[in-house]
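Peer 1: Chains as they are written, first to last, in our numbering: chain W, 7 to 682; chain U, 130 to 630; chain G, 117 to 599; chain C, 267 to 365; chain Y, 159 to 329.
1) Can you check the segment 291-318 of chain C for any alpha helix (DSSP H) of at least 4 residues that lies completely inside it and give the ranges in chain order?
2) Who are the near neighbours of residue 480/G in its chain, counting only those whose CB is closer than 8 Å to its CB and skipping five residues on each side?
3) In whole angstroms, give me the CA-to-CA distance for residue 413/U and residue 204/G.
4) Here's the rule I'm using: 16 or more other beta-carbon atoms within 10 Å means buried, otherwise exposed. How should residue 159/W be labelled?
5) Taking residue 48/W and residue 18/W to be in contact with their CB atoms under 8 Å, please state how far apart those CB atoms are, rounded to whole angstroms.
6) Using DSSP with H/G/I as helix, E/B as strand and the rest coil, what is residue 198/G?
7) Name the two residues that bound the continuous alpha helix (DSSP H) containing residue 262/Y.
8) Determine, for residue 361/C, whether the minimum Cβ-Cβ distance to residues of chain Y falls below 8 Å.
9) Go to residue 87/W, then tell me how far its beta strand (DSSP E) extends in each direction, as first and last residue.
10) Which one of 288/Y, 318/Y and 293/Y has the shortest CA to CA distance from residue 255/G?
11) From residue 354/W to residue 438/W, what does the alpha carbon distance come to, in whole angstroms?
12) Using a Cβ cut-off of 8 Å, pull out every chain U residue sitting near residue 29/W, in sequence order please.
13) Taking residue 424/U as the query, report the chain W residues whose CB atoms sit under 8 Å from its CB, ordered along the chain.
14) Just the C-alpha distance for residue 295/C and residue 273/U, rounded to the nearest angstrom, thanks.
15) Using C-beta distances below 6 Å, list every residue in its chain close to residue 314/W, excluding the 5 sequence neighbours before and after it, in chain order.
16) Cutting at 6 Å between CB atoms, please list the residues of its own chain near residue 570/W, excluding the five before and the five after it.
17) Please compile the residues from chain U whose C-beta is within a distance smaller than 8 Å of the C-beta of residue 599/G.
18) To the nearest angstrom, report how far apart residue 212/Y and residue 331/G are at their CA atoms.
19) DSSP state of residue 307/G, grouped into three classes?
20) Beta-carbon separation of residue 281/W and residue 369/W under 8 Å?
21) Relative to the C-alpha of residue 14/W, which residue among 619/W, 277/W, 153/W and 289/W is closest?
22) For the segment 306-325 of chain U, list every residue whose C-beta sits within 8 Å of some C-beta in chain G, in sequence order.
23) Just the Cα atoms here: how many angstroms apart are residue 219/W and residue 516/G?
24) Sort 346/C, 362/C, 293/C and 312/C by Cα distance to residue 277/Y and report the nearest one.
25) Three-state secondary structure (DSSP) at residue 108/W?
26) Would you mind reading off the limits of the beta strand (DSSP E) that contains residue 74/U?
27) For residue 273/Y and residue 320/G, what's the separation of their Cα atoms in angstroms?
28) Compare the C-alpha of residue 198/W against each of 272/W, 148/W and 561/W and name the closest.
29) So within the segment 240-302 of chain G, which uninterrupted alpha helix (DSSP H) runs reach at least 4 residues, ignoring any that extend past its ends?
30) Using beta-carbon positions only, say whether residue 531/U and residue 564/U come within less than 8 Å of one another.
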């Protein structure tokens, strides 16, 4: 494949960032917005071309004769060479998942660019302060995210991983005058940084034992009898295999180093993907502008962790312990986030917890995936859910943005009954809710169903668990929906505009995304994205997904979702005391859910009391008073000594002479005693 | 003698000194300072290009542009010069920082002339140090670079300057006391019995005549001697006070260049000449430097004075330099040198910005400031960039340097070293904590002080200064392999042969 | 009876000639012409100094059956001292012109020259009797010079302290010599060296060594034989102080070297090495500790010079040509540095009568050049490159370490650590002059031509002596050649 | 021989004692004379007993006497100088410069 | 073995040296002190005579007894009023003096005794140096001859004269 298009995919956002960042302030607002959007539009087109070429181009570079999809490195240039084998390269890797991401990211990003043209100005059409900066940061983020997904090696991924984190920081803190935004951005960065520390150490360990960063080399020899799935140079493949296949694999504290490495790398993913206990930044990140939440904190960046695990999936397969850990973490997170989402007032937070929960779904899906069961359907399901979730969650966020833009508040208490004022938004939001709840035929149904199938194949316990979470999902989403659009009539305050649907720049993305959410489920993902590239289905048509459904699982989950929706309808459709009564019935539970199980307080305690109070402050004190005190003490002692011996210089000749004489005698005597 | 390009690194500052001496007006002084430092920058960049050309043409001596002119003949002391990639990197760093420092002290008061005289004298020492390969000359230039600090801080500093200046000078000279003993000791073991003793680094290296027993004595002497300047725990306490009191350009030069003298010396003298002892004793210093790295970062978290924060951050970052040097492998050492470059540039940027902010608000207490992004967006953006460089954002220099260090250190065969590498890695999180804490309090949020609303944004000379530094930081961050190759070529395989790697 | 041997002593004879010229001029010049005595002495002494450097004028040789030695190092240490004395003489011109001193200025120059002659003898003597006479000639008239400012109380007190301790110390010294005589039966250094070879462990020899070291240590003001130093330096007129601290000390150092190496060189490994270790550590440390607190500039420099003497001793302990050359070089550099400091002090004292460190606060703003010179002197004394003091310190350490024992490393390390303390107090002066924001009590003034000339010479010396390697190279080659 | 050396040493010690204890500067000088004299005796005795064939000790003594005379003269001159100003010769009054 | 007369003479000399030395430094009258010094010096001269250095004895009497003591007496008369007693010593000071004296005695005495106790118990035979010999030695330039010190000490004396005059004269 020609390298121009891939290079352009990365270069255009970067160029846009530099252009808007350096000269944006001198530009008119509309120009900056248009430029950014146009740039992203170009990228969108180019990415689609690339992805479609990959999936349907039929080039032998991408698809083997037996229909197996291959990994293809489009270009790979050395960026920094550590040792002859440890090289950071910047490259462009095309394989099913990166091609998938090449569709997801530009799509959402473009929608958000477009949407922001409307969102980032007030009712009078005045652009917000820093509008150009906003677009610059969006471009930077798009660049980083694209670089992340096409990374050819784990270090390139880490680099863009960090850049993504930084641009997320900048975007969350976009309203820098607002202290809450500042602290939220700080929190997001530091928490993910902490997770990245694990990622980094994981990379260090992995690279130390394998001597390579390259994904293709790392993942080339997964399990016995399966080698040679990807085309890899013989020598390095052997190297990787040898090290990890040895029965006496290096151990560290009771686990093999590979497990350690993978768990540590997963820790990086936990940070970015907001898995418990590193999830606390994501709800706070909603302080950023809503389009940002849609782009970064719903659709793209937060799935980076999932993507990372998927990327290294063959390696994870070698140590199933690490996969089990992923399942546990994911399942707990999914349940936790769903519980919390039921008790939030801020609609963006509900969506945020919903995101956490859904990403956890993907994680679980990857974790339960085994080649033995349905050719690793969990992997496919996870990526499928990533795709569909990106679409409907972006949709939900953008809807929420539109609502917030109109209402001027994040709380549903300020909304209620908006359905009459904003019909389009209402419809879109409803589609989003149906999709996430997993109602056939919306996108979420298919992907979630397949996840549940994968769970079912793995263990019945996790299947029930995840189904329950799916039910909770449907419940809280519809609770949210009703509380925003129904519950009671909306009161229009005097002197305020009545809420209404927004201009086309904002509405169009909603409609497009809603449309995608409706049909995305029919994408034959099993044919496109599988863990080893081998398609799952022989013949593909529009209804492939439908026909291949595991209907026993699907019907159960559908039933659960519908029941949950009915409960939500009963409780929230009309204003009634039932919710309050429910809350009173389980006060403790409500409190804990409402306060997000007090995680923030715990972190607050750890950072302020332990890190600052018990480590930093004592160290600073120690430095000033002990170390520095010791240095000053030397000076003081010298000075004291100086005063102590001043009596020697008594000013009396006779004393001088006396000292002189005794000195001479001592000199003689001591030397004599010493030498004899 | 004057056909050797390196000698001009000393000649140009000396000419500048002479020029300053006859200057009458402030304009002339600035002209001399800027012209001279531009000339130095140009020279160092030319040197870089030419050096790469020579290397490409196949020159494979450990040092190029070697020249040696007898000075104290009977003692075999020469004015010996020579550079490899590391020295060139350091020369470029120094000249850039001198240039930006000159711009940053555009309005220094009082006695502008004296200020520049001392500043140039200091940089004479710095440049001389980096081009020297003769231990005596090296040491001489080293001390030349130290003493002007006293006056620069004492006269033009702020705060508790008398105390800080004295402490800084005495502690650094204390380090150089150990150093002097170590160097003389090396001299007396520089050649096998019967051969003439020498001060020349390359010859001493080639002779390999320092017995292991003596290495055990001389290595700590030299390492600690240089380590004091490299802010090694527990000899780092001069750094916070010194930097806090120093005027802008001096902080820049000191943190940016002078602290690098420590790391460079540790590598060039202690490790290069005494690898066996380095290998055996590394663990002691690894513990100390490892402590520096984490400890400095933690200390920085709770400081309230901008310069203190940055000084402790320097302790942490420079600790990483020494840490990596002690790992004794090419990658880690490359990382160390890159970290020197990177830290030099970004900390200079930091100090320049802090100076500019201080010059406007007259306080460095972050509790008294806030929302500067609104008041002086240019400076604030630069500060954010510097912060990102410091916490290791890819694309800026800090990242590549730190990563090279971590990767390199983790390649060490010994478990102890790898575990310590992980400890050092932890600093990246703590760094993020204190950097973001400052950025959040200082630049973002509401404006704290009403009076600050009238303050102006950067002037043109401030912009020149900061832009130069930012471009340099970004250049390293974006094209690291260029620098890594430049540096890597120079690690003598013989060191690694000796320690068996 | 070969009286032509006197001709070997060309430097002594030359000096005597200058002395006679000054003496005669002092005696016979009419009263109104008396003002030119200082200039006359300076001119003639300058001519003499220059002649000393002309190659071939002063020949090497031994005279009087090895009682007198004029080898290359001896000749050149004398030349070095001559340079110092010349500077002192020029610096003293203005002081000698004051009302209270004017009447005695002839005597001042005469006594100066005579004491220098005494030092010559001390340096050249290879016989203890000659050495003692030289020592006394070098120290007794100095007492009269210390008492020169008759109107000042301090001057008198200093003179009494000086003469009484000097005589006491010479008694001890001669007691030591008597024991040496008992052991060797001769007072010739070379005979003693042969005789004490077998006496290394004799208590009497150690006692004798201790007494001899005490006697010369008095002149060098080694701790604990130093207590007179501070009081005398403070009390004496500034030119006399500078003469005492620089010339007298330099001469004593070289003489000490000659005595220890040539008379006691054969007992080297055991005895005086350890004594010197103790004395050096004590001298440097105690000198530094006292210097920290001093507020009077002259007293301050007295303690500084005590600790400098400790560093000079390192050259003796080296016991090799490098040590000797380093010692000579150290003395040379020390002459320039210390005389620069005293020159500034003298100039300020003559102009304003201020000698306290507090008076120097803010001096840079009123008298920048003087302050700058003072700073150079302080840096040079502290051993900061590129000033000469750095080189001299470095070389003396290098010379000492050539011994290679662990003990010498420890000793040098202690000495080096002490340089930090010394740097502290030298910087205190710099701080007072440059950093202190107080209003300066010393008004701007223009110092006399002679003072300025002398200071320029000193500054040139401080700046050039180290960097221009010729000086040290010559010294080292010369000493190696004649060792 | 030791029988001559011991009295000389005692004399020297008396001198030391006197120098350290006397207040009057002239008395101190007198004590110094005792010390110098003891040295002279030492030289003579050593010469006479150990090295009878030569005269180094004797000549040293001879010169030492001259030196002692010169020292005494100068010291007395200085003491008198002090006496003129202070009207006494108490050594305890001379301790203005110290520490 | 020495003659009895010699032994008696020795004891007389030794005792007078010791006793008068002690008296010199302990008497409270300064003039007496000078007088006792004179006695000590005479005893020393006697000792020189006994050890066959007649010339030296003569010089001792002439220079010391005749010159120095007279100088002392004059200066004492000049500086103190007759009948002036020095006040009693402070005991601390006396202790210091005793310590110094005894320490010297112990150290030097031990050194001497350890080395010279049993050396040369007998007085060796020696010819008195004649005046001629002394003169020749004083003017000679060879080994063991003292022309140079002789010249040097003349300079010393001259210098002391100049110095003394400078200090002592009124202006």
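Note that CB positions come from ideal geometry on N, CA and C, so glycine has one too.
Peer 2: The short version:
1) 291-316
2) Against the third chain, residue 480/G aligns to sequence position 364. Closer than 8 Å at Cβ, skipping near neighbours: 487, 488, 549 and 550.
3) If you number the second chain from 1, residue 413/U lands on position 284. If you number the third chain from 1, residue 204/G lands on position 88. When rounded, the distance between both Cα atoms is 54 Å.
4) Start at 1 with the first residue of the first chain, and residue 159/W comes out as number 153. Looking at its Cβ environment, which holds 16 or more other Cβ atoms inside 10 Å, residue 159/W is buried.
5) Position 42 of the first chain, counted from the start, is the residue given in the question as residue 48/W. Position 12 of the first chain, counted from the start, is the residue given in the question as residue 18/W. That pair is a contact at about 6 Å.
6) By one-based count along the third chain, residue 198/G stands at place 82. Reduced to three states, the DSSP call for residue 198/G is helix.
7) Here residue 262/Y is taken as the residue at index 104 of the fifth chain, counted from 1. Its alpha helix (DSSP H) spans residues 249-274.
8) Within the fourth chain, the letter at position 95 stands for residue 361/C. It does not; no Cβ of chain Y falls within 8 Å.
9) Position 81 of the first chain, counted from the start, is the residue given in the question as residue 87/W. Looking at the DSSP string, the run of the beta strand (DSSP E) that includes residue 87/W is 78-87.
10) Here residue 255/G corresponds to residue number 139 of the third chain, with the count starting at 1. The shortest C-alpha separation from residue 255/G is found at 318/Y.
11) Against the first chain, residue 354/W aligns to sequence position 348. Against the first chain, residue 438/W aligns to sequence position 432. If I take the Cα positions, the gap works out to 14 Å.
12) For the purposes of this step, residue 29/W is identified with residue 23 of the first chain, where counting begins at 1. Under the 8 Å cutoff, chain U gives no residues; its nearest Cβ is about 13 Å from residue 29/W.
13) By 1-based counting over the second chain, the position of residue 424/U is 295. The contacting residues are 625 and 629.
14) For this step, residue 295/C is matched to residue 29 along the fourth chain. For this step, residue 273/U is matched to residue 144 along the second chain. Cα-Cα distance, rounded: 52 Å.
15) By one-based count along the first chain, residue 314/W stands at place 308. Taken in chain order, the residues that qualify are 275.
16) Within the first chain, residue 570/W is the residue found at index 564, counting from 1. Closer than 6 Å at Cβ, skipping near neighbours: 477, 480 and 481.
17) The residue given as residue 599/G occupies position 483 in the third chain. Going along chain U, no residue has its Cβ under 8 Å from residue 599/G, so there is no contact; the nearest lies around 12 Å.
18) Translated into positions along the fifth chain, residue 212/Y becomes position 54. Translated into positions along the third chain, residue 331/G becomes position 215. Their backbone Cα atoms lie some 30 Å apart in a straight line.
19) Along the third chain, one-based indexing puts residue 307/G at 191. Three-state DSSP puts residue 307/G in a helix.
20) Locating residue 281/W in the first chain gives position 275, where the first residue counts as 1. Locating residue 369/W in the first chain gives position 363, where the first residue counts as 1. Taking C-beta atoms as the reference points, residue 281/W and residue 369/W count as a pair closer than 8 Å.
21) On the first chain, residue 14/W is found 8 positions in, with the first residue counted as 1. Comparing Cα positions, the closest option is 153/W.
22) 306, 307, 309, 310, 313, 314, 316 and 317
23) For the purposes of this step, residue 219/W is taken as residue 213 along the first chain, with counting starting at 1. For the purposes of this step, residue 516/G is taken as residue 400 along the third chain, with counting starting at 1. Rounded to the nearest angstrom, the two C-alpha atoms are 56 Å apart.
24) Counting from 1 along the fifth chain, the entry for residue 277/Y is found at position 119. Cα-wise, what sits closest to residue 277/Y is 312/C.
25) Position 102 of the first chain, counted from the first residue, corresponds to residue 108/W. Correct three-state label for residue 108/W: helix.
26) Nothing can be reported for residue 74/U: it is not among the residues displayed for chain U, which extend from 130 to 630.
27) Locating residue 273/Y in the fifth chain gives position 115, where the first residue counts as 1. Locating residue 320/G in the third chain gives position 204, where the first residue counts as 1. The straight-line gap from Cα to Cα measures roughly 6 Å.
28) Position 192 of the first chain, counted from the first residue, corresponds to residue 198/W. Residue 272/W is the option with its Cα nearest to residue 198/W.
29) 244-262 and 269-300
30) Reading the second chain from its first residue, position 402 is the one you call residue 531/U. Reading the second chain from its first residue, position 435 is the one you call residue 564/U. Contact: no.
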